[in-house]
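For reference, the structure is listed below as C-alpha cells.
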Amino acid sequence: MALLTILEYPDPRLRKVAVPVTAFGPEVAKLVRDMAETMYAAPGVGLAATQVDVHKRVIVIDISDSKDDLLVLVNPEIAAAEGEAECEEGCLSVPGYYDKVTRAARITVKARNEHGEPIERTAEGLLAVCIQHEMDHLVGKMFVDYLSPLKRARLTAKQRKKQRLAS
Ligand code: K1U
Ligand code: ZN
C-alpha cells in the first residue's frame, strides 16, 4: 500500500472533472487500497480520487469510530435526494478550516464497489453529507464554493500565503 499526496486548495488540479471507471481490475483495487490508507492516515472520514490527483470517479468513506466500515463508491450517481440540512464540514484539501454547508438531508446513491458489483445506499446525517461532499470533488467542486465570496477570498489568500511560505 502507499500513502498518496493530498492536493491543497487552491490547487487548480482540484477543479478537474473525473471520468467514469470503465474497467474493474487490479489498478482500481490498488487505487482504492491506497486511497483508504491515505484517508485513515490523514485522518479523515472520506476521500475522492480527485484529491490525490487521480481523475476517476472513485470515492472512499468511513464514518465509523472503529475505522473498519469502508464504503467504496465507484461511478456514484445520486438516484434520489430530499430535504435540506446544515452541517459543519471540513476538507482534507483545506486543512484546519471548517464551515457550515446546506445540502440534501437524505440521499440514495447508486454506484459500484471496487469489484464492479452494484451498490445502492440510502443515507442521512454525516454519511449523506460526506457522500455529497466527495461527489462534488469528482466534478471539481469544493465546499468552499458554498461560502460567501468574502470568506472564500480570505481563505484563498491565507492558503496561498501558507503555500508560499512552505515552498
Ligand atoms: O473530502 C475530504 O476532504 C474528507 C473530509 C470529509 C468530510 C468531513 C466532514 C464533513 C464533510 C466531509 C474529511 O474527512 S475532513 C476531516 C474530518 O472531518 C475528520 C477528521 C478526523 C476525524 C473525524 C473527522
Ligand atoms: Zn473534501
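Mapped onto my numbering, the consecutive letters of the sequence shown carry residue numbers 663 to 829.
We put the beta carbon where it would ideally sit given N, CA and C, even for glycine.
From a predicted model like this one, the values you see are computed outputs, not experimental measurements.
How is the alpha helix (DSSP H) around residue i delimited, first residue to last?
{"i": "Val679", "result": "Premise fails: Val679 is in no alpha helix (DSSP H) and is neither H nor E."}
{"i": "Ile793", "result": "787 to 800"}
{"i": "Leu818", "result": "In the sequence as displayed, the identity of residue 818 is Thr instead of Leu. Here the alpha helix (DSSP H) through Thr818 covers 811 to 828."}
{"i": "Thr700", "result": "688 to 703"}
Looking only at C-alpha atoms, which of the options sits nearest to residue i?
{"i": "Ala664", "options": "Thr684, Asp696, Val683, Glu670", "result": "Asp696"}
{"i": "Gly752", "options": "Glu782, Arg826, Pro705, Lys718", "result": "Pro705"}
{"i": "Pro780", "options": "Lys762, Pro738, Glu748", "result": "Pro738"}
{"i": "Ala747", "options": "Leu693, Val791, Thr700", "result": "Val791"}
{"i": "Phe805", "options": "Arg783, Gly778, Arg765, Lys823", "result": "Arg765"}
{"i": "Val716", "options": "Glu782, Leu693, Val734", "result": "Leu693"}
{"i": "Val756", "options": "Gln821, Val679, Thr684", "result": "Gln821"}
{"i": "Ala773", "options": "Glu786, Ala743, Arg719, Leu817", "result": "Arg719"}
Under a Cβ-count criterion, where at least 16 other Cβ atoms within 10 Å of its own Cβ denotes burial, should residue i be classed as buried or exposed?
{"i": "Pro811", "result": "exposed"}
{"i": "Thr623", "result": "Because the chain is modelled from 663 through 829, residue 623 falls outside the range shown and cannot be assessed."}
{"i": "Leu827", "result": "exposed"}
{"i": "Tyr760", "result": "exposed"}
{"i": "Gly687", "result": "exposed"}
{"i": "Asp731", "result": "exposed"}
{"i": "Asp724", "result": "buried"}
{"i": "Val683", "result": "buried"}
{"i": "Gln825", "result": "exposed"}
Between which two residues does the beta strand (DSSP E) holding residue i run?
{"i": "Asp761", "result": "761 to 765"}
Which residues share a DSSP beta bridge with residue i?
{"i": "Ile721", "result": "Ala710, Leu735"}
{"i": "Ala743", "result": "Ile769"}
{"i": "Pro780", "result": "Arg774"}
{"i": "Glu750", "result": "Lys762"}
Segment contact flag, the region 772 to 779 with the region 794 to 809, C-beta cutoff 8 Å, min 3 pairs: no
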